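Protein chains in written order, with the numbering used here: chain A, 1 to 415; chain B, 1 to 415; chain C, 1 to 415; chain D, 1 to 415.
Note sheet for the following structure.
4 protein chains.
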Amino acid sequence: VPTVRSSNKLKILNDPIYGFISIPNTLIFDLIEHPYFQRLRRIKQLGLTSYVYPGALHTRFHHAIGAMHLMSTCILTLRKKGTEITSEEEEAVLAAILLHDIGHGPFSHALEELLIPGMSHEKLSALLMEELNHQLSGRLNLCIEIFNNTYHKKFLHQLVSSQLDMDRLDYLKRDSFFTGVSEGIISTDRIIAMLNVINDTLVVEEKGIYSIEKFIIARRLMYWQVYLHKTVLSAENMLVKIILRARQLLCEGKKIFTLQPLNEFLEGRITKASFRESSDTLLKFTQIDDDDVFACVKQWQFDTDKVLSTLSRFLLNRNLFNTEISKEAFNEEHLESLSKLITTNYQLNDKEIAYFLIQGKLQNNAYNAQKDRINIYYKNGQILDIAQAADQLNISALSAPVEKFFLCYPKDCLI
Amino acid sequence: VPTVRSSNKLKILNDPIYGFISIPNTLIFDLIEHPYFQRLRRIKQLGLTSYVYPGALHTRFHHAIGAMHLMSTCILTLRKKGTEITSEEEEAVLAAILLHDIGHGPFSHALEELLIPGMSHEKLSALLMEELNHQLSGRLNLCIEIFNNTYHKKFLHQLVSSQLDMDRLDYLKRDSFFTGVSEGIISTDRIIAMLNVINDTLVVEEKGIYSIEKFIIARRLMYWQVYLHKTVLSAENMLVKIILRARQLLCEGKKIFTLQPLNEFLEGRITKASFRESSDTLLKFTQIDDDDVFACVKQWQFDTDKVLSTLSRFLLNRNLFNTEISKEAFNEEHLESLSKLITTNYQLNDKEIAYFLIQGKLQNNAYNAQKDRINIYYKNGQILDIAQAADQLNISALSAPVEKFFLCYPKDCLI
Amino acid sequence: VPTVRSSNKLKILNDPIYGFISIPNTLIFDLIEHPYFQRLRRIKQLGLTSYVYPGALHTRFHHAIGAMHLMSTCILTLRKKGTEITSEEEEAVLAAILLHDIGHGPFSHALEELLIPGMSHEKLSALLMEELNHQLSGRLNLCIEIFNNTYHKKFLHQLVSSQLDMDRLDYLKRDSFFTGVSEGIISTDRIIAMLNVINDTLVVEEKGIYSIEKFIIARRLMYWQVYLHKTVLSAENMLVKIILRARQLLCEGKKIFTLQPLNEFLEGRITKASFRESSDTLLKFTQIDDDDVFACVKQWQFDTDKVLSTLSRFLLNRNLFNTEISKEAFNEEHLESLSKLITTNYQLNDKEIAYFLIQGKLQNNAYNAQKDRINIYYKNGQILDIAQAADQLNISALSAPVEKFFLCYPKDCLI
Amino acid sequence: VPTVRSSNKLKILNDPIYGFISIPNTLIFDLIEHPYFQRLRRIKQLGLTSYVYPGALHTRFHHAIGAMHLMSTCILTLRKKGTEITSEEEEAVLAAILLHDIGHGPFSHALEELLIPGMSHEKLSALLMEELNHQLSGRLNLCIEIFNNTYHKKFLHQLVSSQLDMDRLDYLKRDSFFTGVSEGIISTDRIIAMLNVINDTLVVEEKGIYSIEKFIIARRLMYWQVYLHKTVLSAENMLVKIILRARQLLCEGKKIFTLQPLNEFLEGRITKASFRESSDTLLKFTQIDDDDVFACVKQWQFDTDKVLSTLSRFLLNRNLFNTEISKEAFNEEHLESLSKLITTNYQLNDKEIAYFLIQGKLQNNAYNAQKDRINIYYKNGQILDIAQAADQLNISALSAPVEKFFLCYPKDCLI
């Protein structure tokens, strides 16, 4: 188990988005230096999105530090407005936002709950925080309380996790920036300047209402333009199928190339229970990242299994599947003609067809009024959910989730 | 009457927003050089908005050139997509957008239809184009046809004047930029890249739908954050009252300071009819600008008329009236108590009170589906109004105009 | 004499450059609200530069607030590094930078020492600070000490006035921004992050050396591209000639249009001595601005004096003189042929020719090692002038001032 | 051997820097789609620079497309100024700049000439262009002529490779942008607008001289702030030592983890001659990238060889060596005491010490007047080298190369 080194510099980092980011205290410095956190340098924020937006190579490492930076700014603002935040709380909430994504595995959401069924990145973040807290002799106690929302000052948790948390503010801005989809760029400065805490609840001051509207619209735009982009869907679902094929071959006892300790995750041997049973499991998790997966995919393009090699070669060379999106479920006829064509073109058997005809659903939920809320605070003391507060019904209209069906298959099978 | 000089350079202008702007042809160069157009250098785009956003000093001159630049880009894009635009049409539509605001008077919208009752800036633009066409021996014939929407290719007019014209694209971006309200900054590049012409109608391609949504939201945000900002309302309404007071004093035969030829407009002697009766009227109009008005206000702060001098001094020193905004009409009681307080504090008579207790209505209409439409063009050939096309009802919700009441009065009368 | 109002809000201002600017304390708020300071809203930072760069309409008002904002950031940085700055000193140095340019008159440098011979803007700033201090019952005592460099902590004065002061950092960035000459945009964040105070002297830390090099180069670039641009030279020198012609006519007793109290400055009656003799003089100075000058120029285009009306009309309609620039003095022959041509074309007498054939010298001094220095602080404790410190000799090379000759005359006299 | 697919779309790509990039023709599209080019997605532009600047994850893929985009702009500009460029030449010069870096291997310059001794990336680019030309049946003939400077229009080669080529313009801007070192950001728009071709030579017009000065200074700044940053030096030299250690172990017959076909390059078996001897060699080269190298380093951290595992673990966890930089060679005494300390701390033998005490030289050459020149074109027809042309001697001063010595060793051995 690696130990935390004790170097003590309060450095300044360059960030193309915010200019300069200061490391605010030695705990944050030590956490950033820790191998568990350094690992995030090798985990892309947006999976395979760079296949469409070549600039989108930014990592969870950069995002976590950016969100921590916004938290610093936010603390300054709230204190100016009279909210009490002790220096212990400050350190804890900064650590909580820094570590909120530490449980992300290779390619972030793209492979989440696939490599370890049933384990979300949040659960893994919680486990890793516990482990770090152990290594740091309890310095993260308060941080963990805030993260788990068991601390009495609820607004601190809201800053870490809610519909207007520092996580969302940073990722929306960062993803827009690096993809070049400039319309998604939000004014984090302005939004933070409008935040306040009333009765232990995070609120947005009245005059910030249009900025919030715009934030929600920007989020919606990013969903359709980036997060659920057809070609990204295609690439990421191809990678999922590659992993599933590798797993199947391994389970059938076939010898394919793998790397230690990724092989254990590929075989599907590691489950939620494994983490309870052995402390080694978590350590193994911290040793896998994007590079392992792609190093395997690169070897697999020469594998003797046709499905594995074809999918791998296609992905590496960006020969991506065609994607259809529809508001209704695809009709059986269409699926059948596609199946036939794919079977013929690629000479597949019935079990193999599912690797080449990928079906799924996607959902966009720009603002979920059912979950937690974005509260608007009026000068007269009233507090209203943004969906009620906006002049128009548009926000509540936006809060209806949009669900669509998708279908991916080889380009040469386009009918 | 000034004549058009014939210098022939195709210059490059620096623009903080677009980087470089090229003057595309000699007609455009000659028009920019013309004193009627140079006058726009002394007409602020946003009236007295700089009292709230100190960067908002940009002029109609800069906006007109910016819109002309966007038109150039747009023509390139449409031609690439197969829309035929002849070089005569190109010259004409560029001239039309360049001249679309040439009829703006001092402080743009702030004093519109006040100095010349019944004359909108569009009517004055039309008159000035006719005059320029006369001076240029008919070189603006086609330009005027497009401007007046009598030319058979209707999309050319739409590029000059519609809910998605180059005027709006530039002013939204420019106003956001110079005010520093960065959330209003739209991606003109992306929007223009999504434009197309189908059946002689300007349309937005399907994949541009979220950009248009965002454009409408940005417009809405700019309305509340900038165009209808309380303090801007206050300043501009104070200026209106100053002009009205000057007019009243002049009509009563009182001697107050004025400048030639502004005095004729102040006296209210110039009406719609005057332009028909004398060709001099238009020339006089081209000789007044922001500087004349403010030079008078500065003299008036020392006038013996208390109303005129007080308002002028208040405006110059930014001692602006307090503004109340309400969804309902203000109740009579409230108005009466304010009247009393103002009368006492400023020792006014009944006729004078209206200069210190300003009432009015304001309206925001981000998208007006009743007027012309923003059409979305689907790959399957269908064309839908954006209000029908968006996944949600939010655009149609937005299209309901919002109307509010406002009230401005001296700060020391705040109850 | 206007009095300072006592409203107490710590507002936030939008700035296209820095995003948000916070008013740090009530003294700064009161100073900004003061009519003397509000007047700066009507004084353009860059004279007539907008004739070349149409975005360059920013004012001394905006610059002063921007420089004050940088000072806030700088104080934060220096305190973090252990420099003691008391809250009194903070208030004082913020006030000093806010007021450093309050003595600028119409069109800033363009008419400096012309309207009031022998009075630089710095001297007028000092007089106005004294007056404000009087009105504020001594609240500016420490501010004035710092401004005059009589306070014992010398680095505070250096922050207000030296080769690396907050004034220069802001104006370089602001002028680049609004002209659109993006290459002049410096990283004020980075430069400020590199500042430190050693032995009461402002220094730049070693690793900031390349940023300083770049700052000096940017300054040099701005000189040639903007501050000394041929066409700006032409416009500003034409305005100077207009003022001089008006003065001559007034001195000869001719009746021309003028405005109160600008007329007294035009007549040349106000000198350095006038300020000592009457307290009214200073008040009158605070009542003139760009608008008065241009309102006069606009009236003068119809004056019966041919020189005055021609120059005024030319300037208003941007029919600017042609400019020649040369490393050597222009030869007599060339000047004589020009004189002849001008005399013929404009039918001038010998005394009038000087208004149409303008001669002068211009100088660029990107870094003046003779004046004060930019000190680089090395980790080993050594402090060196940047000119010695840079790896190369380039900075010392740059510090040699460049002097050139210029000549402006009507375009139709181009030989 | 993969074949080129024939899909024909002229797509638009998002770029955080330029906004939109259009694919100008089908040849460019086909080249981008080719697996050899897609491979560049897995080759970081700046090696391990992201260890210091976390945003610097951009790839050779993005850079090549960016440079191609600048070339498009440049062609438009030159044609407007009257330079003839046929559509064949256009296609060829666009392909040449797109492919100019296709020969870069894992981590670009960091491992150049290490994995294949004696083979620069330029030579590999040339080989790969030949191979692509073969696959494309000669469509790249003209492209290769331009790349090799055998085509008669010499300025086309200058646009691809000279001291002011599109390569430099893009990488300087891109590297500044993604590192966040905003001072390095150059105005590519302005520089390109100033280019011209006179007597078949690329020149910069007179008024662009200050922009070029600034470009050279920006380049100099990027060298010291980024390309030769101490910590980047340390990380990249540690990686070099890891590769050398792996090679040594493999040569000694020790079994360590490797990947196909990287192992052949690690063993040092592939030399310049191999490319002549077997066509397979080039194909193998196109199969290795950053991922292979890092996948190995990750496995090596658990190797039984102490040197290999220690260096690998240190690099992965960013426990980077300390770096000293000096103008003079380090003295023997200092080196000896370091050697002793390292030997003790890490229990190394004499042969192993060189892996932990890294020595080298670094050089910065912002402008090399000996090589090719940046020519300034004066209105009077004169053409001068920028070093002669600038007002001052500073450019020629800058052209003296700066050489320094460096030393890297474990942090715990800091004396």
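Note that beta-carbon positions come from the ideal geometry of N, C-alpha and C, so glycine has one too.
Here the structure is a predicted model, which means the values were calculated and not measured.
Going straight from the alpha carbon of residue i to that of residue j, what length do you get?
| i | j | result |
| --- | --- | --- |
| Ile21 (chain B) | Arg269 (chain D) | 56 Å |
| Arg313 (chain D) | Gln301 (chain D) | 5 Å |
| Ser161 (chain D) | Phe147 (chain D) | 8 Å |
| Asn375 (chain C) | Leu164 (chain D) | 33 Å |
| Lys207 (chain A) | Ile383 (chain A) | 13 Å |
| Ser309 (chain A) | Asp303 (chain A) | 5 Å |
| Lys340 (chain C) | Tyr355 (chain C) | 14 Å |
| Asp175 (chain C) | Glu122 (chain C) | 20 Å |
| Glu112 (chain D) | Val297 (chain D) | 18 Å |
| Ser274 (chain C) | Glu131 (chain C) | 15 Å |
| Leu250 (chain B) | Lys404 (chain C) | 54 Å |
| Glu236 (chain B) | Thr258 (chain C) | 27 Å |
| Val1 (chain C) | Asp200 (chain C) | At Val1 (chain C) the pLDDT is 36, less than 50, meaning the model places this residue with poor confidence; the figure from the coordinates comes in the next sentence. Rounded to whole angstroms, Val1 (chain C) to Asp200 (chain C) spans 39 Å at the Cα level. |
| Met129 (chain C) | Phe155 (chain C) | 20 Å |
Kindly indicate which residue of the options has the alpha-carbon position closest to the one of residue i.
| i | options | result |
| --- | --- | --- |
| Tyr409 (chain C) | C:Pro401, C:Asn375, C:Asn319, C:Ile374 | C:Asn319 |
| Lys272 (chain B) | B:Ile383, B:Pro261, B:Phe285 | B:Phe285 |
| Leu70 (chain B) | B:Ile97, B:Leu128, B:Ile342, B:Arg373 | B:Ile97 |
| Leu169 (chain B) | B:His134, B:Lys255, B:Cys74 | B:Cys74 |
| Asn364 (chain D) | D:Val226, D:Gly381, D:Phe294 | D:Val226 |
| Gln135 (chain C) | C:Ile185, C:Lys241, C:Leu283 | C:Leu283 |
| Ile12 (chain D) | A:Pro54, A:Lys44, A:Glu213 | A:Pro54 |
| Ile192 (chain C) | C:Glu112, C:Leu78, C:His62 | C:Leu78 |
| Leu124 (chain C) | C:Leu311, C:Gly103, C:Pro16 | C:Gly103 |
| Leu94 (chain D) | D:Ile186, D:Leu195, D:Ala64, D:Asp289 | D:Ala64 |
| Leu172 (chain A) | A:Tyr223, A:Lys327, A:Tyr378 | A:Tyr223 |
| Asn25 (chain C) | C:Ser87, C:Arg42, C:Lys153 | C:Ser87 |
How would you label residue i, buried or exposed, when you count the other beta carbons within 10 angstroms and need 16 or more for buried?
| i | result |
| --- | --- |
| His100 (chain B) | buried |
| Tyr36 (chain B) | buried |
| Ile217 (chain D) | buried |
| Asn14 (chain B) | buried |
| Glu336 (chain C) | exposed |
Give the DSSP bridge partners of residue i, in chain order.
| i | result |
| --- | --- |
| Gln359 (chain B) | B:Leu407 |
| Glu205 (chain C) | C:Tyr377 |
| Asn199 (chain B) | Paired residues: none, contrary to the question. |
| Ile12 (chain C) | C:Ser22 |
| Ile383 (chain C) | C:Tyr377 |
| Lys44 (chain D) | D:Thr59 |
*Note down, in chain order, all residues in the segment 181-198 of chain D with a beta-carbon under 8 Å from any beta-carbon belonging to chain F.*
Given the protein chain composition of this structure (A, B, C and D), no chain F is represented.
*In the segment 273-360 of chain B, which residue ranges form an unbroken alpha helix (DSSP H) of at least 4 residues, counting only runs that do not cross its ends?*
The DSSP assignment places complete alpha helix (DSSP H) segments of no fewer than 4 residues inside the segment 273-360 of chain B at 280-285, 290-300, 306-316, 332-346, in order along the chain.
*Can you list the alpha helix (DSSP H) stretches of 4 or more residues lying completely in the segment 126-186 of chain A, in chain order?*
Within the segment 126-186 of chain A, the complete alpha helix (DSSP H) segments at least 4 residues long are 141-147, 154-160, 166-179, listed from N- to C-terminus.
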